[in-house]
Amino acid sequence: MHSQVIVRVALVMLILTANSSFSAFEHEISELTRGHQRTSDYLDSIRNNRPLLQTFMNQLPKGGNLRHHLMGAIEPKEIIDIAIERGFCIYNNQHMAPCDCCAQSVKEFVDNGENHAALIRQLSLPDSHDPVEVRSKLAFSYLPTVKALFDGIDAHFISYLRKRALVDGLSYIESTIYWDEANGPDKLFSLITDLPKPNPDSTQSLEDFRARLSSQSDFQTQLKTAARTVADALKASDDHLKCSLSPYHPACSVTVRFLQEVHRTDPLPRVYAQMIFAFELAQLSLSGNDPQVLGINIGGSENNNTALNDYLSHMKMLSFLKNHKQYPLVKEHISLNAGELAEATVEDFYYRTTMADAIQIVQPKRVGHGISLMAQNCLKQSGSGNEEYANCSAQLLKTMLDNEIAVEIPLTSNQRLSGKGPNSGHPFPVYVNSNIVVTLATDYPGILKVDLTSQFVEAVYSFSPDQTGNSILLPFDQIVEFARNSLEYSFLPGQSLWLKAEDHARYQKRVPACLDLESEACKKFVSGNTKARLQRDHESRLKDFMLTAPLE
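As numbered in my numbering, residues 1 to 552 make up the sequence shown, in order.
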């Protein structure tokens with residue numbers, strides 16, 4: 001395993017801030033080497049003790065969270081509080097929206113204790129081991145209930161995320177949004193009513209549709225409104241946390257950025273319109289001085305009939321836009337749900353091909369979930385002219401390794417929503433043993449009642465050889481790599497703190513300017529590179545953790 005061949009002294013020296021005095025440098029190497037060894041040994045001693053492991057992971061700096069849906073990130077009580085603050089009403093005892101003349105306010109509704117408890121249940125997922133039941137509650141109960149609350153990017157939601165992330169040991173969240181969940185789709189779709197249906201197999205058709213949509217003045221207005229809405233929400237969150245004052249809230253240290261979502265369950269022209277909007281918005285944002293919408297993601301139930309029937313078309317349209325000259329900054333900023341399907345919920349063909357199609361056709365920078373990896377089939381060349389499929393999981397792993405395609409793994413979400421866990425064939429050990437870039441994530445932390453700390457605990461504890469036959473023994477160096485991956489493979493702008501290696505070894509050398517993390521050269525380098533700045537801060541926290549964390 002890659003993590004097992006990392007030379008510990010080399011890792012320590014990379015974390016270490018070099019000093020001009022060689023004797024001081026030598027002393028600090030010795031001190032940090034002992035700290036690293038102590039931390040590593042302690043993790044080995046507690047990996048089968050969940051309470052102690054929880055305490056350990058609570059203190060660990062975990063970097064970022066890259067698979068994170070804003071609509072599922074807020075806990076039920078906070079959602080109700082925001083609905084009351086915004087003066088929303090409740091309809092049919094469940095749907096929250098702006099008030100009309102005849103509806104009861106959310107505040108009045110929840111003054112009744114039974115109503116409050118019922119609404120909390122409405123905003124929570126069932127404690128069920130049946131993934132179909134849990135997914136149905138998410139799609140048909142929770143999301144419709146809260147949809148109208150996301151008619152913009154609420155600054156209070158962002159502040160809430162930052163506060164929670166601070167407690168969770170995070171410095172970064174890359175959250176998937178639809179900038180105007182309640183009204184945005186209809187506004188966008190009104191612009192395509194007179195456009196011919198795009199043909200995914202015709203680049204001319206795809207380009208005609210793209211050009212005609214994006215050239216409309218109303219489209220450009222929506223685009224600028226979306227960018228302004230996101231910027232205003234982030235600024236309002238800074239103001240709410242007093243980030244420009246002294247003292248400011250510690251949560252100001254947490255950076256939040258966004259991916260624009262495309263809903264895959266809509267009819268094909270609408271999905272393509274959303275893709276165009278997402279690419280345009282990300283390109284616009286990434287072209288600015290302070291990029292805030294950094295890329296795109298596709299969301300929605302992957303086992304929806306429309307999503308399944310149009311899946312290949314979606315991949316072709318994505319590939320077209322990814323390679324379009326209008327969107328050079330978005331090309332490497334695509335994250336896709338891929339391999340999320342549970343075998344029992346769809347036809348076998350879809351279960352065995354969708355992840356392969358995503359990786360082979362689009363080659364996104366990241367894929368989310370990836371739980372159906374080992375079942376994936378690819379089309380073979382057949383001399384008879386017939387279509388023949390064969391398992392290609394090994395080929396996909398090689399493609400992911402060679403192209404540095406990361407997999408975002410939300411372990412609890414995979415267990416609850418898809419029924420894949422350590423005892424049911426989750427391929428997490430396969431990815432790690434194959435040296436694929438792995439980031440741990442939460443997916444829907446608010447309604448799943450999880451944080452990233454819990455996902456690190458699950459990775460070490462639930463996949464331990466003492467707990468499951470589908471096991472992997474994760475050393476401390478691998479845990480460190482998971483955290484570093486979440487920043488290195490984020491879509492944050494700027495150069496990395498780390499130099500690339502040719503043999504897929506990661507985090508072996510830092511850029512020359514930052515051999516000493518505290519040097520003026522390094523401070524200057526990170527001031528112009530957001531990604532490197534967050535990585536430098538993370539390395540400093542990691543060093544402090546190894547030297548000062550109380551391990552007992």
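Ideal Cβ placement from N, Cα and C applies to all residues, glycine included.
Excluding the five sequence neighbours on either side, which residues of its own chain have a C-beta within less than 8 Å of the C-beta of residue i, listed in chain order?
i, result
"Ile296", "Leu259, Gln260, Glu261, Val262, Met275, Ala278, Phe279, Ala282, Val330, His333, Ile334, Ser335"
"Thr468", "Pro422, Asn423, Ser462"
"Cys99", "Gly87, Phe88, Cys89, Ser105"
How about residue i and residue j: do their beta carbons lie closer than 8 Å?
i, j, result
"Leu397", "Val346", "no"
"Ser313", "Ala139", "no"
"His68", "Ile158", "no"
"Thr530", "Leu492", "yes"
"Asn414", "Cys392", "no"
"Leu499", "Arg510", "yes"
"Leu534", "Leu487", "yes"
"Asn337", "His369", "yes"
"Phe189", "Ala273", "yes"
"Ala532", "Ser490", "no"
"Gly152", "Thr229", "yes"
"Gln292", "Arg257", "yes"
"Val460", "Val407", "no"
"Phe482", "Leu440", "yes"
"Tyr160", "Glu78", "yes"
"Pro250", "Leu166", "yes"
"Ala155", "Ala236", "yes"
"Leu125", "Ile80", "no"
"Met317", "Pro200", "yes"
To which residues of the same chain is residue i closer than 7 Å at the C-beta, ignoring the five residues directly before and after it?
i, result
"Ser21", "Low per-residue confidence applies at Ser21: pLDDT is 45, beneath 50, and the placement is therefore not dependable enough to give any value."
"Gly446", "Gly72, Ala73, Ile74, Glu75"
"Ser540", "Leu517"
"Tyr327", "Phe279, Gln283, Leu321"
"Ser372", "Gly339, Leu341, Tyr351, Met355"
"Arg38", "Leu551"
"Met315", "Asp357, Ala358, Ile361, Val362"
"Leu401", "Ser434, Asn435, Ile436, His504"
How would you label residue i, buried or exposed, when you count the other beta carbons within 10 angstroms and need 16 or more for buried?
i, result
"His267", "As written in the sequence, residue 267 is Pro, which differs from the His given in the question. So Pro267 ends up on the exposed side."
"Leu223", "buried"
"Tyr178", "buried"
"Gln122", "buried"
"Gly72", "buried"
"Lys543", "buried"
"Glu388", "exposed"
"Gln221", "What sits at residue 221 in the sequence shown is Thr, not Gln. Under this definition Thr221 is an exposed residue."
"Lys62", "buried"
"Pro512", "exposed"
"Arg34", "exposed"
"Asn303", "buried"
"Glu288", "Here residue 288 turns out to be Gly, not Glu, going by the sequence shown. Exposed."
"Gly419", "buried"
"Gly528", "exposed"
"Ser434", "buried"
"Leu32", "buried"
"His129", "exposed"
Which residues does DSSP list as the beta-bridge partners of residue i?
i, result
"His95", "Tyr91"
"Ser335", "Asn297, Arg366"
"Gly64", "Tyr172"
"Val407", "Val367, Val438"
"Asn377", "Asn391"
"His69", "Thr176"
"Asp443", "His68"
So, at 6 Å on beta carbons, what are the nonlocal neighbours of residue i in its own chain, with the 5 sequence-adjacent residues on each side left out?
i, result
"Leu43", "Phe476"
"Glu458", "Leu411"
"Asp168", "Asp451, Leu452, Thr453"
"Asp310", "Leu268"
"Asn58", "Thr453"
"Leu286", "Leu329"
"Met374", "Ser393, Pro427"
"Asp194", "none"
"Cys243", "Cys252"
"Phe209", "Leu195, Pro198"
Within the 8 Å Cβ cut-off, does residue i reach chain D?
i, result
"Cys522", "The displayed structure is made up of one protein chain only, and chain D is not part of it."
With respect to 7 Å, is the separation between the Cβ of residue i and the closest non-hydrogen atom of the ligand COA below this value?
i, result
"Leu396", "The ligand COA is not among the ligands present in this structure, which contains no ligands whatsoever."
**Study point:** Runs of beta strand (DSSP E) lying entirely within the region 250-288, each at least 3 residues, in chain order
**Key:** 255-263
Review point. Can you give, in chain order, each stretch of the beta strand (DSSP E) that sits fully within the region 71-156 and has at least 3 residues?
Key: Whole beta strand (DSSP E) segments, 3+ residues: 89-91, 95-97.
Review point. What alpha helix (DSSP H) runs, 4 residues minimum, are completely inside the region 455-513?
Key: 476-488
Review point. Residue ranges of each alpha helix (DSSP H) run of no fewer than 4 residues wholly in the region 177-260, ordered along the chain?
Key: 184-189, 203-214, 217-240
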